[in-house]
Each structure stands twice: as structure tokens, then as C-alpha cells.
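The structure appears right after this line, and notes come after that.
And the structure:
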């Protein structure tokens, strides 16, 4: 019977998903799992450059925000749109992101590579200090003004008849207002 592997922690699952790119070799997985345990079950200890750490943190922020959006809306196809946030998120779903700790509210991939602000935002999202999405309370959206013609039937907009046209004929076509054609001068004429 071949060996069976069971992943018991979500941290190990994230590590394996990020570390294995060329296939699931059981011996390779066993070595990686042992290295993960020796490192104290901390995936970030395997990231050697600040760029790799920043990219990993940005991916975690993006995944967590999208997961929370799906949970609060109940729509499995909901994705965060940072460019059209007001229209696509606030107005469509009636929810709002609060507690964003970074100075700019943009897509995480557009944030700077500076680790301290990214780590602060990641920690706030992960710990729950940053309330992800709150539904707008009823009555927080201002009421629209009532139309001045409310209650009156809206009739079709019929064209007004010309007073000059008493015979009931069709009105004449409008004259074209384009440039007049230029004259062609024949130079062979003597």
C-alpha cells in the first residue's frame, strides 16, 4: 500500500501549495514537510528576499479580502474590484471595507514593496482588527428627492405640428449644411 499523506494544518497546506510547482513527489513532499516542521511551521522563514516576502504578503491580503467578500455576500463569484470599488462593491452589495491600515486603498499588487506597512495590513486583516466588510445600516443611504411630477402620468412626447403646414403634407427635408463642392477648372481649355 502506498503511503498516504494527510494535511492537518492550514499553514502546511499553504506552504505546500506555494513550494511545490512541478508535481507531487511523495519523497519530496516528506522532505518539505520535515523542513517546515523544523522551521517552526512558519512559511515566511523560507522566503529569502524582501521581494519574495512582499509578494507573499500581498497574495495573502488579496486572498483573505476575496474570501471575506464571498462570505459576506454569499456570492461565490464575487471578486474585489479596487478601481470601481464604490460602484461594484458598495452600491452593488451594500457593504463597505473598513479599517484599511495602508495609506493608499489600491489593489494589493499595486502597494509598495516596503514590508512594515504590508505586515501591518496583513496582521490587521488576519487578526480581525480590521473589520473586513460591514453591511450598510438601513437608513444610512440618503433618500432621493421626489420628482416634481410624481403621481402624474407620463405621456408620450408627440411632435408638435407646424402652424405653417395646414395641408397635412410631409415637411420638407432639411437642407444639408456641409461644405459646397469646389469648382473644377479644366486647364486644357484655350
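Numbering (our numbering), first residue to last: 14 to 203. Ideal Cβ placement from N, Cα and C applies to all residues, glycine included.
(message) Quick check on residue 61: does DSSP put it in helix, strand or coil?
(response) coil
(request) Grab me the residues of residue 70's own chain with a C-beta within less than 6 Å of its C-beta, minus the 5 sequence neighbours each way, in chain order. (result) 131, 135
(request) May I ask you to report which of helix, strand or coil DSSP gives residue 100? (result) helix
(request) Rank 45, 24, 73, 41 by C-alpha distance to the C-alpha of residue 122 and give the top, closest one. (result) 73
(request) Can you grab the Cα-Cα spacing for the pair residue 52 / residue 105, in whole Å? (result) 44 Å
(request) Would you identify the three-state DSSP class for residue 115, choosing helix, strand or coil? (result) coil
(request) With DSSP as the reference, label residue 160 as helix, strand or coil. (result) coil
(message) So, with DSSP's three-state summary, where would you put residue 68?
(response) helix
(request) Give me the Cα-Cα distance between residue 113 and residue 120, rounded to the nearest whole angstrom. (result) 12 Å
(message) I need the boundaries of the alpha helix (DSSP H) containing residue 140, first residue and last residue.
(response) 128-140
(message) Among the candidates 127, 162, 185, whose CA atom is the shortest distance from the CA of residue 65?
(response) 127
(message) Which same chain residues end up closer than 6 Å to residue 95 when comparing Cβ atoms and leaving out the 5 residues on each side of it in sequence?
(response) 119, 120
(message) Relative to the C-alpha of residue 44, which candidate in 25, 62, 158, 82 has its C-alpha closest?
(response) 25
(message) If you reduce the DSSP assignment to three classes, tell me which class residue 90 lands in.
(response) coil
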